[in-house]
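Peer 1: The structure under discussion is supplied below as structure tokens; questions concerning it will follow.
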Amino acid sequence: MRAGKELTGKPIISVTDGRFLGNVKDLYLDEELTYITGIYLGSEGLIKRTHNLIDRENVIVFGIDAILVKEADVITNEKEHLPAETWLRFEKLRGRDIDTPGGTKVGTIGDILIGSQGEITSFSLAKVFVEGPIATQGRIPRTGLIDTGSADKVMTIDLPKVETLLQQPEPSELEEKKDIQ
């Protein structure tokens, strides 16, 4: 797993000709906050600002040192790429409050944790207002999310489910234990 902020600033390189296309300014996420949908490259223009992006389908690998994309001509903008209208920029998710259905404030989003295929596995917390497993681990598993907060800007989690999930060992920890035995 990698943190979303680790991808920010990484160079984007075309594998067909090795051309440098720019640096990652931000990430686009789907409405349900399940995976990365694209890479935000920044905006251009003074009067008619266009927001440039690369669709996730054109990304070959989110590497350690760089992001590799299929070709040099994969850059488009939000107006030309209609699905982008529904995408959420990670920058707008950071700082979003998290609570329970009963209204108990749990924390605020600090970062996202991403799996090897660009899926969002957890949300790292910038602030924690509860005690227990969430405070200890400082994260909320994606599967514990009830509401993404797209309407009211407050995410809602199933607290008992999240605490149960956090008390279970990670799959990587289970494999390490098998290797030891």
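Using the working numbering, read the sequence shown as starting at 820 and increasing by one per residue.
We put the beta carbon where it would ideally sit given N, CA and C, even for glycine.
Computed from a predicted structure; not experimentally measured.
Indicate whether Gly929 and Arg913 have their beta-carbon atoms separated by less than 8 Å.
Peer 2: Against the sequence shown, residue 929 aligns to sequence position 110. Against the sequence shown, residue 913 aligns to sequence position 94. Yes. Within cutoff.
Peer 1: Can you tell me the Cβ-Cβ gap for Leu944 and Gly963, rounded? I've got them flagged as a contact below 8 Å.
Peer 2: Here residue 944 refers to the residue found at position 125 of the sequence shown. Here residue 963 refers to the residue found at position 144 of the sequence shown. At roughly 12 Å, the Cβ-Cβ gap does not stay under 8 Å, so Leu944 and Gly963 are not in contact.
Peer 1: Could you name the residues that DSSP lists as bridge partners for His900?
Peer 2: Here residue 900 refers to the residue found at position 81 of the sequence shown. Answer is none; His900 lacks a bridge partner.
Peer 1: With C-beta atoms as the reference, is Glu910 less than 8 Å away from Ala903?
Peer 2: For the purposes of this step, residue 910 is taken as residue 91 along the sequence shown, with counting starting at 1. For the purposes of this step, residue 903 is taken as residue 84 along the sequence shown, with counting starting at 1. No.
Peer 1: Can you tell me whether DSSP reads Gly841 as helix, strand or coil?
Peer 2: Position 22 of the sequence shown holds residue 841. Reduced to three states, the DSSP call for Gly841 is strand.
Peer 1: For Pro960 versus Val947, is the C-beta spacing smaller than 8 Å?
Peer 2: Counting from one through the sequence shown, the residue named residue 960 turns up at place 141. Counting from one through the sequence shown, the residue named residue 947 turns up at place 128. Not a contact, by the Cβ cut-off of 8 Å.
Peer 1: Within its chain, find whatever has a CB closer than 7 Å to the CB of Gly957; leave out the 5 residues flanking it on each side and keep chain order.
Peer 2: For the purposes of this step, residue 957 is identified with residue 138 of the sequence shown, where counting begins at 1. Excluding positions up to five away in sequence, the list reads Ser943, Leu944, Val947.
Peer 1: Since Leu846 and Gly823 should fall inside the 8 Å C-beta cutoff, what is the C-beta to C-beta distance between them, to a whole number of angstroms?
Peer 2: Within the sequence shown, residue 846 is the residue found at index 27, counting from 1. Within the sequence shown, residue 823 is the residue found at index 4, counting from 1. 6 Å between Cβ atoms; contact.
Peer 1: Which first and last residues belong to the alpha helix (DSSP H) in which Glu982 is found?
Peer 2: As a working mapping, residue 982 is identified with position 163 in the sequence shown. That run of the alpha helix (DSSP H) goes 978-986.
Peer 1: Could you give the first and the last residue of the continuous beta strand (DSSP E) run that contains Ile879?
Peer 2: Counting from one through the sequence shown, the residue named residue 879 turns up at place 60. Run containing Ile879: 878-881, per the beta strand (DSSP E) assignment.
Peer 1: Can you tell me where the alpha helix (DSSP H) holding Lys911 begins and where it ends?
Peer 2: Counted from its first residue, the sequence shown places residue 911 at position 92. Looking at the DSSP string, the run of the alpha helix (DSSP H) that includes Lys911 is 909-912.
Peer 1: Can you tell me whether Ile917 is buried or exposed, with buried defined as 16 or more other CB within 10 angstroms of its CB?
Peer 2: Sequence index remark: in the sequence shown, residue 917 carries index 98 (1-based). Looking at its Cβ environment, which holds 16 or more other Cβ atoms inside 10 Å, Ile917 is buried.
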